[in-house]
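Residue numbers (UniProt numbering): 1 to 127.
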């Protein structure tokens, strides 16, 4: 395992792509992985893999391609739609080339936003 003490001290272990932990140079695909981890953190208010208390356990999980568990807290579920969760899982794909590009992510997020706006308008009209 190439992950070092410096890695864990910086706090990045919970957001870093497995291939980077294994010594590969950062890539756009690794950034996609990290981006999705940041989205998870923003939605939950907790670091990814919060159930693992030590960074060494997080590093092992990430290198073994374990994905975070979907949050079950009601407030988070209101924001974390099935579509967004599936997109996040694609970003964590162990097949690096299967991860979506940031352009694809942006387009899908924009589409999700349009659906939410449409549903909000329908709720207002129906009320």
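Don't be surprised by glycine CBs; every beta carbon is placed ideally from N, CA and C.
Buried versus exposed, by CB contacts within 10 Å (16 or more), residue i
i	result
residue 92	buried
residue 4	A caution first: residue 4 carries a pLDDT of 46, below 50, which makes its placement in the model unreliable, though a value can still be read off. Residue 4 should be labelled exposed.
residue 54	exposed
residue 11	The predicted position of residue 11 is uncertain, since its pLDDT is 44 and thus under 50; a value taken from the coordinates is nonetheless stated next. The residue in question, residue 11, is exposed, as its Cβ has fewer than 16 Cβ neighbours within 10 Å.
residue 13	buried
residue 32	buried
residue 42	exposed
For residue j and residue i, the rounded distance between their alpha carbons
i	j	result
residue 129	residue 56	Summary: the structure shown does not reach residue 129, with the chain confined to residues 1 through 127, and so no result is reported for it.
residue 52	residue 74	22 Å
residue 44	residue 113	19 Å
residue 116	residue 64	35 Å
residue 50	residue 71	11 Å
residue 111	residue 78	17 Å
residue 47	residue 118	32 Å
residue 1	residue 20	Confidence at residue 1 is low in this model, with a pLDDT of 47, below 50, so its placement is unreliable and the value that follows should be read with caution. Whole-angstrom Cα-Cα distance: 11 Å.
residue 83	residue 99	15 Å
Distance between beta carbons of residue j and residue i, contact taken as under 8 Å
i	j	result
residue 68	residue 40	6 Å
residue 88	residue 34	About 12 Å separates the two Cβ atoms, so there is no contact after all.
Cβ-heavy atom distance, residue i to the ligand COA, below 7 Å
i	result
residue 41	This structure lacks the ligand COA, and indeed carries no ligand of any kind.
In chain order, each alpha helix (DSSP H) run of at least 4 residues that lies wholly inside the UniProt domain "Protein kinase" (1-116) = 5-10, 18-21, 28-44, 55-63, 74-79 and 82-91
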